[in-house]
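Numbering (full-length UniProt numbering), first residue to last: 1 to 162. Virtual Cβ for every residue (Gly too), placed ideally from N, Cα, C. Notes for the one structure printed next.
Here it is, written out as structure tokens:
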């Protein structure tokens, strides 16, 4: 093996591949179903509610900071903010010192939506997850984060540039 040869990687077995894909598909499907239920209840998509809740959490925030916080591209966040602004849930304004910087903050209507919104993940999941011991919740969060990182390698830098 020379310096230029790639490090050999043990391939996933067919059973491991199948089980990984099946679990990921189940998560994606459950998320899709919950997003639809959320849209019926609130009139907002999951990403819209996530962005709205992030504005509530962060306070007056720039688009870039908001995009980083919710792990979406800045153009996607701008599109979501346009829709939220149209519904009078947020307002945007330019910084006094640097007019290129745009801040976002919640309106009273936006605060009401956040205060009365159901759990984004659904009440059943939230109840079952919070019933787990704290250590187990942290382990699950760490595992999901690691899987997301493994799947996201090579795409994360593209998203940040966009």
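- Distance from the Cα of residue 107 is smallest, within the candidate group 100, 22, 93, for 93.
- The three-state secondary structure of residue 36, taken from DSSP, is helix.
- In this structure, the straight-line span from the alpha carbon of residue 78 to that of residue 16 is close to 39 Å.
- Restricted to the UniProt domain "HTH marR-type" (17-149), the beta strand (DSSP E) segments that are unbroken, complete and at least 3 residues in length are 90-94, 102-106, listed in chain order.
- The C-alpha of residue 34 is placed about 12 Å away from the C-alpha of residue 42.
- Looking at 111, 61, 26, the one whose alpha-carbon comes closest to that of residue 101 is 61.
- Distance check between residue 44 and each of 124, 125, 116 places 116 closest, using alpha-carbon atoms only.
- Contact check for residue 59 against residue 89 fails: the beta carbons are separated by 8 Å or more.
- Residue 15 sits in a helix when the DSSP states are folded into three classes.
- Residue environment analysis places residue 27 among the exposed positions, since fewer than 16 neighbouring C-beta atoms fall within 10 angstroms of its C-beta.
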